[in-house]
Amino acid sequence: MQLFLFYLFFLPYFPFFLLLLLINKSVYLLETSDGKYISPFHDIPLIAESEQVLYNMVVEVPRWSNAKMEIATKEPLNPIKQDVKKGKLRYVANIFPHKGYIWNYGALPQTWEDPNHKDKETDCCGDNDPIDVCDIGTQVCSPGQVIQVKVLGILAMIDEGEMDWKVIAINANDEDAEKLNCIEDVRKSRPGHLEATVEWFMKYKVPDGKPENQFGFNGEFKDKDFAVEIIKSTHEHWRALVQKQTNAGGIECKNMSCCNSPFQFSADEARAVVQSVRASKNLDKWHFV
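One point on numbering: in the UniProt record's numbering, the residue at position 36 of the sequence shown is 36, and numbering is uninterrupted.
Below, the structure is given as structure tokens:
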């Protein structure tokens, strides 16, 4: 399959990821064990190296938390950081009876919802971000953690007129992973979970004075095969992005490993980016006065 062949160039990077914490616990960057900084958007392979078809998920927001962490797509190395609006850090409100995000929330790397591409089913263009994914497993993950997930289905959310797909998946290491293989398995084994997911996405912006979000397909979840096709499409859009074959829309495409990409840069250049944003060492210094 063509989808898998593209990743052979990336696989050597993946087993060596470490998490680096920067700037007062508000910015996360990924570093390999040999000291190279990488982009969680561009340098982590979409497909995980395993016997079954699993996808790598970059966790942005842990389950039960409220801080709106996300991959900063318009900054070099695309750090994971808390979103800011009008000078204030963003948090999601608690929508009764829920607390914060009700799953581990994040993105599939090497995907892009192209704002220049109009979805034929919903007539909406992409939201200019990697495709979102909800891990419905029981483990509470950490920002920047990379986990392998099984894709189960997808929800077509429309956010202020933009297409904003939500992939439903489960951590491959979860105790329920073997028995959950499709969206119907989730519906049967976890009554109310999918309905709660639709409700959460519909209402989570309402406390901030915004209208309820809308959905394609009348809010019905599409199956695994449909989800995989959407993921493939967003991967192809991402590939065109990093190969400079489309309008980047302000996206920062610098990367360490993407073949045929004019945006590749060196380890030294990446290190210089990190040094420019690293918190001052004086923050930890005592002053005796």
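All C-beta atoms, glycine included, are put in the ideal place defined by N, C-alpha and C.
This structure is a prediction, so every number in the text was calculated from the model and none was measured.
*What number of angstroms, rounded off, separates the C-alpha of His235 from the C-alpha of Lys88?*
Straight-line Cα distance between these residues: approximately 32 Å.
*How is Glu236 classed by DSSP in three states: helix, strand or coil?*
It is helical.
_Quick check on Val84: does DSSP put it in helix, strand or coil?_
In the structure shown, Val84 sits in a strand (DSSP, three-state: E or B).
*Are the stretch 262 to 274 and the stretch 96 to 107 touching by the rule of at least three beta carbon pairs closer than 8 Å?*
Contact annotation: the stretch 262 to 274 does not touch the stretch 96 to 107, with fewer than three C-beta pairs closer than 8 Å.
*If you drop the 5 nearest sequence neighbours on each side, which residues of the same chain put their C-beta closer than 7 Å to that of Met163?*
So the list reads Glu113, Asp119, Thr122, Cys124, Cys125, Gly126, Asp127, once near-sequence residues are dropped.
*Which of helix, strand or coil DSSP assigns to Val242*: Three-state result, Val242: helix.
*Can you tell me whether DSSP reads Lys203 as helix, strand or coil?*
Three-state result, Lys203: helix.
*Counting pairs of Cβ atoms below 8 Å between the stretch 132 to 142 and the stretch 167 to 181, do you hit three or more?*
Touching, yes, given that three or more Cβ pairs across the two stretches are closer than 8 Å.
*Cβ pair count under 8 Å reaching 3, the stretch 190 to 205 against the stretch 253 to 265*: No, the stretch 190 to 205 does not touch the stretch 253 to 265.
_Secondary structure of Glu229, DSSP reduced to three states_ = DSSP, reduced to helix, strand and coil, places Glu229 within a helical segment of the structure shown.
_Short Cβ contact (8 Å threshold) for Pro143 with Glu60_ = Between Pro143 and Glu60, the CB-CB gap stays under 8 Å.
*Got a sec, what are the start and stop residues for the beta strand (DSSP E) Glu178 sits in?*
Taken as a continuous stretch (DSSP letters only), Glu178 belongs to no beta strand (DSSP E), as it is neither H nor E.
_Closest by C-alpha distance to Val53, when choosing among Gly250, Val186, Lys224, Leu77_ = Ranking the options by Cα distance to Val53, first place goes to Lys224.
*Going by CA-CA distance only, name the one from Thr32, His287, Val273, Asp284 that's closest to Leu77.*
Taking only the C-alpha atoms, the option nearest Leu77 is Val273.
*Please determine, among Asn66, Glu175, Gly153, the residue with the shortest C-alpha to C-alpha distance to Trp165.*
Nearest of Asn66, Glu175, Gly153 to Trp165, Cα basis: Gly153.
*Excluding the 5 residues preceding and the 5 following Arg90 in the sequence, name in chain order all residues of the same chain whose CB lies nearer than 6 Å to its CB.*
Apart from the 5 residues on each side of it in sequence, Arg90 sits with its Cβ closer than 6 Å to the Cβ of Lys68, Asp83 in its chain, given in chain order.
_Among Ser33, Tyr101, Arg63, Ile147, whose alpha-carbon lies nearest the alpha-carbon of Ser50?_
Closest by C-alpha distance to Ser50, out of Ser33, Tyr101, Arg63, Ile147, is Ile147.
_Looking at the secondary structure, which residues open and close the beta strand (DSSP E) in which Asn104 lies?_
The continuous beta strand (DSSP E) containing Asn104 extends over residues 104 to 107.
*Count the other CB atoms within 10 Å of the CB of Gly106; is the residue buried (16 or more) or exposed (fewer)?*
Within 10 angstroms of the beta-carbon of Gly106 lie 16 or more other beta-carbons, which makes it buried.
_Check this for me: beta carbons of Gly219 and Val198, under 8 Å apart or not?_
In contact: Gly219 and Val198 (Cβ atoms closer than 8 Å).
*asked:* What residue range does the beta strand (DSSP E) around Met256 cover?
replied: Annotation for Met256: no beta strand (DSSP E) segment contains it, and DSSP assigns it neither H nor E.
_Quick check on this structure: which residue in Gly35, Val27, Ile102 has the alpha carbon closest to the alpha carbon of Glu195?_
Per the Cα distances, Ile102.
_Selection from Val27, Tyr28, Ala240 that minimises the alpha carbon distance to Asn116_ = It is Ala240.
*Which two residues bound the contiguous beta strand (DSSP E) that contains Ala156?*
Counting along the chain, the beta strand (DSSP E) containing Ala156 begins and ends at 146 to 159.
*Selected residue, minimal CA-CA separation from Ser257, among Ile44, Ile158, Glu178*: It is Ile44 whose Cα lies nearest to the Cα of Ser257.
*Quick one: using the 10 Å Cβ neighbour count with 16 as the cut-off for buried, is Asn213 buried or exposed?*
Asn213 is buried by the Cβ-count criterion.
_Looking only at its chain, what residues have a beta carbon closer than 7 Å to the beta carbon of Leu21, apart from the 5 residues adjacent to it on each side?_
Model confidence at Leu21 stands at a pLDDT of 47, short of 50, so the residue's coordinates are unreliable; what they give is reported in the following sentence. Correct list, in chain order: Tyr28.
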